[in-house]
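Residue numbers (this note's numbering), protein chains in the order written: chain A, 175 to 286; chain B, -16 to 95.
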């Protein structure tokens, strides 16, 4: 069964600190893995998208890694800001980029 | 990046009425659009896949007669919630597939 699991479910950190979110998947055949940021009451916004051959990709303070052998990905946020408070969703594409399997997300709260 | 809009962003209606939600891809053509529903603190759940010029494909458990989907053009898909009930209250998000999937900002539906 195609599944995407994320951990932790929620996380609270102080402003300026770094954090890492985890994503494990059992999706086959694998096409690509995406990390989205979803603010409360808004649609998801793409942070990174990685294919099988990519190990790491950065987008500003966000860095995603992918280990296709162990089927794990992480999203590292550097020097967190209050505006980083949101839900971060790991999404794996099963075939040709259209069928998406969503993780339940990690809710990040950044406090001052 | 590509822009997907939804209208309205928020709607409140009485039980038994119908509500139409529009999803538009503003700067690209999308042969395929997707409709999702998201309950509080839950991940996005795919409701149906909308293909331009053909009938939508509904996920298991989604009533096609209750959630009418029309994809009349390459830039517009509509979701009509017919005879809405309070349990239909949710956050509805569309996405459009261009070079990748881009999500709309969502529509908050509240049925009284």
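Glycine is no exception: its CB is placed at the ideal position from the N, C-alpha and C atoms.
Could you give the DSSP three-state label for residue i: helix, strand or coil?
i: residue 256 (chain A); result: helix
i: residue 83 (chain B); result: coil
i: residue 241 (chain A); result: strand
i: residue 269 (chain A); result: strand
i: residue 5 (chain B); result: strand
Would you please state the rounded distance, in angstroms, between the beta carbons of residue i and residue j? I believe it to be under 8 Å.
i: residue 236 (chain A); j: residue 251 (chain A); result: 6 Å
i: residue 263 (chain A); j: residue 176 (chain A); result: Between residue 176 (chain A) and residue 263 (chain A) the Cβ distance is about 15 Å, and since that is not below 8 Å, they are no contact.
i: residue 57 (chain B); j: residue 83 (chain B); result: With 8 Å as the limit, residue 57 (chain B) and residue 83 (chain B) do not qualify as a contact, their Cβ atoms being about 16 Å apart.
i: residue 54 (chain B); j: residue 31 (chain B); result: The pair is not a contact, with the Cβ atoms about 10 Å apart (cut-off 8 Å).
i: residue 268 (chain A); j: residue 205 (chain A); result: 6 Å
i: residue 247 (chain A); j: residue 197 (chain A); result: 4 Å
I'd like to confirm the pairing. Which residues does DSSP put opposite residue i in its beta bridges?
i: residue 198 (chain A); result: A:179 and A:246
i: residue 232 (chain A); result: A:237
i: residue -15 (chain B); result: According to DSSP, residue -15 (chain B) bridges with nothing at all.
i: residue 192 (chain A); result: Per DSSP, none; premise fails for residue 192 (chain A).
i: residue 29 (chain B); result: B:19
i: residue 211 (chain A); result: A:219 and A:262
i: residue 45 (chain B); result: None; residue 45 (chain B) has no bridge partner.
i: residue 274 (chain A); result: A:267
i: residue -10 (chain B); result: B:5
i: residue 60 (chain B); result: B:6
i: residue 90 (chain B); result: B:75
i: residue 50 (chain B); result: B:64
Cβ contact (3+ pairs, closer than 8 Å) linking the segment -6 to 3 of chain B and the segment 62 to 72 of chain B
A contact exists between the segment -6 to 3 of chain B and the segment 62 to 72 of chain B.
Stretch pair the segment 184 to 199 of chain A + the segment 241 to 255 of chain A: three plus CB contacts closer than 8 Å
Segments in contact, yes.
What residues in the segment 64 to 91 of chain B have a beta carbon less than 7 Å from any beta carbon of chain A?
So the list reads 76, 80, 83, 84, 86, 87, 88, 89 and 91, given in the order they occur along the chain.
Please list, in chain order, the residues of the segment 254 to 283 of chain A that have any C-beta partner in chain B closer than 7 Å.
For the segment 254 to 283 of chain A, residues whose beta-carbon sits nearer than 7 Å to a beta-carbon of chain B comprise 263, 271, 272, 274, 276, 277, 278 and 279.
What residues from the segment 25 to 37 of chain B come within 9 Å of chain A, judged by C-beta to C-beta, listed N to C?
Taking 9 Å as the Cβ-Cβ cut-off against chain A, the residues of the segment 25 to 37 of chain B that qualify are 25, 26, 27, 28, 29 and 32.
Using a Cβ-Cβ cut-off of less than 7 Å, give me the residues of the segment 206 to 218 of chain A that come near chain B, in sequence order.
So the close ones are 215, 216, 217 and 218.
Contact residues within the segment 181 to 209 of chain A, judged by C-beta distance below 9 Å to chain B:
Within the segment 181 to 209 of chain A, the qualifying residues are 206 and 208.
Across the segment 22 to 31 of chain B and the segment -9 to -1 of chain B, are there enough close Cβ pairs to call them in contact, namely three or more that are closer than 8 Å?
The segment 22 to 31 of chain B is not in contact with the segment -9 to -1 of chain B.
May I ask you to verify whether the segment 11 to 24 of chain B touches the segment 72 to 87 of chain B, counting CB pairs closer than 8 Å and requiring at least 3?
Counting Cβ pairs under 8 Å, three or more are found: they touch.
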